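Read the structure below first, then the notes.
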Amino acid sequence: MSARDLARYLLDFGIQEVMLPEGSSSREEQDPLAFQDLASMAKAVATCQRCRLAKGRTQVVFGVGNPRARVVFVGEAPGAEEDRQGEPFVGRAGQLLNSMLRACGLSRSEVYIANIVKCRPPGNRDPQDDEAAACLPFLRRQLALIKPEIIVLLGRVAARHLLGITAPISSYRGSWRHWEGVEVLPTFHPAYLLRNPQAKREAWEDLKKLMARLSAAAQKKAGTAEGEAPPVL
Ligand code: SF4
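Each number in my numbering corresponds to the 1-based position in the sequence shown with 48 added.
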């Protein structure tokens, strides 16, 4: 039995004072379902040691935005600037994401932005499968707490780990998918768009689908509210 499993075993038996060896994590880190709000979760995850990415990070990049966002944007991993500032999408790709949001009539404070893994992979490599598997329970819990109407997956890595799609993203971007009852729209990662500006036209087509879906949902909600029986006075 590993030290971590032993600690979980003892905690499950009500023994609260468990000395974890260096590198072990708290109970909440092991059980993301224990978190009831994003703020307490962010505080606990800040010391997470679940995977090897903890070693090279400056800080955990938890996620940012509206805890009641209608739309959550999910990228793959923090880069150098995100690792330095502790916020996702703040480098050049982040500036492009901000422009994309503005084009949709959205702001960073209205949406929520996160990544598949919360610590920077060395040399900006793709997160490895075991690293993504270690970190995904946190993202899943964030999504469960936020309850967005739509998740926009930015790039093939995010789509691969959340939807299990391994095909090139160009073959399915812009086509609606579902993840645990939530509508999902995969599109290009802003970093890809910086390297391949000709793909911005396709990304814009995807964003128009996002805007149309948000607008339709808002109209439906307004229509439902109008159709409601007047209150009995
Ligand atoms: S990437 Fe995720 S699981 Fe790995 S150490 Fe960072 S917060 Fe923990």
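All residues carry an ideal CB built from backbone N, CA and C; glycine is no exception. Nothing here was measured: the structure is a model prediction, and the numbers come from that model.
> Roughly how far, in whole angstroms, is the beta-carbon of arginine 189 from the beta-carbon of arginine 105, given that I think they are within contact range, below 8 Å?
Replying inline: Taking the sequence shown and counting its residues from 1, one reaches residue 189 at position 141. Taking the sequence shown and counting its residues from 1, one reaches residue 105 at position 57. Contact doesn't hold; Cβ gap of about 20 Å is too wide.
> Thinking C-beta only, is leucine 144 closer than 8 Å to proline 238?
Replying inline: Numbered from 1 along the sequence shown, position 190 holds the residue referred to as residue 238. Numbered from 1 along the sequence shown, position 96 holds the residue referred to as residue 144. Contact: yes.
> Applying the criterion that 16 or more other CB atoms from any shown protein chain within 10 Å of the CB defines a buried residue, is proline 245 buried or exposed?
Replying inline: Along the sequence shown, read from residue 1 onward, the residue named residue 245 stands at position 197. When all chains shown are included, proline 245 counts as exposed.
> Touch check for the stretch 135–149 and the stretch 210–218: three-plus C-beta pairs under 8 Å?
Replying inline: no
> Under the criterion of a Cβ to heavy atom distance below 7 Å, does glutamine 107 qualify as lining the ligand SF4?
Replying inline: Within the sequence shown, residue 107 is the residue found at index 59, counting from 1. No; taking the cut-off as 7 Å, the Cβ of glutamine 107 has no heavy atom of the ligand SF4 nearer than that.
> By Cβ distance below 7 Å, which residues in the same chain neighbour asparagine 114 in space, the five residues on each side in sequence not counted?
Replying inline: Sequence index remark: in the sequence shown, residue 114 carries index 66 (1-based). Ser157, Glu158, Val159 and Tyr160.
> Rounded to whole angstroms, how far is the Cβ of valine 232 from the Cβ of isoleucine 199, which I believe are closer than 8 Å?
Replying inline: Taking the first residue of the sequence shown as position 1, residue 232 is located at position 184. Taking the first residue of the sequence shown as position 1, residue 199 is located at position 151. Valine 232 to isoleucine 199, Cβ: 5 Å. Contact.
> Is it true that the CB of leucine 202 sits closer than 8 Å to the CB of phenylalanine 121?
Replying inline: The residue you call residue 121 lines up with position 73 of the sequence shown. The residue you call residue 202 lines up with position 154 of the sequence shown. Yes.
> Looking only at its own chain, which residues have a Cβ that is under 6 Å from the Cβ of glycine 127, when we skip the five neighbours before and after it?
Replying inline: Within the sequence shown, the letter at position 79 stands for residue 127. Excluding sequence neighbours, glycine 127 sits near Gly139 and Asn172.
> So, is proline 170 buried or exposed, given that buried needs 16 or more other C-beta atoms within 10 angstroms?
Replying inline: In the sequence shown, residue 170 corresponds to position 122, counting from 1. The residue in question, proline 170, is exposed, as its Cβ has fewer than 16 Cβ neighbours within 10 Å.
>> Which residues does DSSP list as the beta-bridge partners of proline 234?
In response: One-based indexing of the sequence shown puts residue 234 at position 186. Partner(s): Leu201.
> How about alanine 206: is its Cβ closer than 7 Å to a heavy atom in the ligand SF4?
Replying inline: By one-based count along the sequence shown, residue 206 stands at place 158. For the ligand SF4, not one heavy atom lies less than 7 Å from the Cβ of alanine 206.
> Hey, would you say the C-beta of alanine 260 is under 7 Å away from at least one heavy atom of the ligand SF4?
Replying inline: As a working mapping, residue 260 is identified with position 212 in the sequence shown. Outside the cutoff, so no.
> Taking the Cβ atom as the reference point for each residue, do leucine 258 and alanine 251 lie within a distance shorter than 8 Å?
Replying inline: Locating residue 258 in the sequence shown gives position 210, counting from the first residue. Locating residue 251 in the sequence shown gives position 203, counting from the first residue. Against a cut-off of 8 Å, the Cβ pair of alanine 251 and leucine 258 comes out as no contact.
> What residue ranges within the stretch 116–185 form continuous beta strand (DSSP E) runs of no fewer than 3 residues, ordered along the chain?
Replying inline: 119–123 and 160–163
>> Under 7 Å: does the beta carbon of arginine 140 sit that close to some heavy atom of the ligand SF4?
In response: As a working mapping, residue 140 is identified with position 92 in the sequence shown. No, since every heavy atom of the ligand SF4 falls outside the 7 Å radius drawn around the Cβ of arginine 140.
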